[in-house]
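Just below is one structure, and these are the notes that go with it.
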Amino acid sequence: MTVEVVVPDSKTPFNTTLPKGTTSFVVVFKGNKTTGYDWELVPQQPLPNGFKLVNQIYKPDPVQNPPVMGAGGTYRFTFTTSTAPVGKTVEFLFQNKRSWETHPVKKAKVVVSWSA
Numbered sequence: 001m002t003v004e005v006v007v008p009d010s011k012t013p014f015n016t017t018l019p020k021g022t023t024s025f026v027v028v029f030k031g032n033k034t035t036g037y038d039w040e041l042v043p044q045q046p047l048p049n050g051f052k053l054v055n056q057i058y059k060p061d062p063v064q065n066p067p068v069m070g071a072g073g074t075y076r077f078t079f080t081t082s083t084a085p086v087g088k089t090v091e092f093l094f095q096n097k098r099s100w101e102t103h104p105v106k107k108a109k110v111v112v113s114w115s116a
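Just so we're aligned, residue 1 is where the sequence shown starts under UniProt numbering, counting upward by one.
Laid out in structure tokens, this is it:
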């Protein structure tokens, strides 16, 4: 079972609890790739033991009629874990920045827990 975790545009850590047995989840951010800004995992942060980033994509929002120039979309990060970590809590750090800039304009901490 894959669970989707939609992170709001907020300056506080986002906490979520996944159902027991969840071994796959998707972290979702709203964004707009046309501005040059991309959401990414903080490169210096290693993933917690047993976790793997299996997919990272940007999906433009559905085309409107008439099409809107510079319309946004969603960034989707799919993670898996080898075993359902019952009662465990892990943190993932993300940043929103342009590839040629050093400092991000936004940061997000996503705290994921599993119910016992």
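Note that CB positions come from ideal geometry on N, CA and C, so glycine has one too.
- Task: Starting from the N-terminal side, write out each stretch of the beta strand (DSSP E) that is 3 residues or longer and does not extend beyond the UniProt domain "Proteinase inhibitor I42 chagasin" (24-108).
- Result: 24-31, 37-41, 51-60, 73-81 and 89-98
- Message: With H, G and I counted as helix, E and B as strand and the rest as coil, what does DSSP make of Ser-115?
- Response: coil
- Query: Can you check whether the CB of Thr-78 is closer than 7 angstroms to the CB of Ser-113?
  - Reply: no
- Would you mind sorting Thr-81 into buried or exposed? The rule is 16 or more other CB atoms within 10 Å of its CB. So Thr-81 ends up on the buried side.
- Which residues does DSSP pair with Val-6 in a beta bridge? DSSP, once it has assigned bridges, lists Val-28 as partnering Val-6.
- Quick one: give me the first and last residue of the beta strand (DSSP E) that Thr-16 is part of. 14-18
- Item | Pick from Val-5, Val-28 and Met-69 that is closest to Ile-57, judged by C-alpha positions | Val-28
- With a 10 Å radius around its C-beta and 16 neighbouring C-beta atoms as the bar for buried, classify Val-110 as buried or exposed. buried
- Task: Starting from the C-beta of Pro-104, find all residues in its chain whose C-beta is less than 7 angstroms away, skip the five residues before and the five after it, and write them out in chain order.
- Result: Gln-95, Asn-96 and Lys-97
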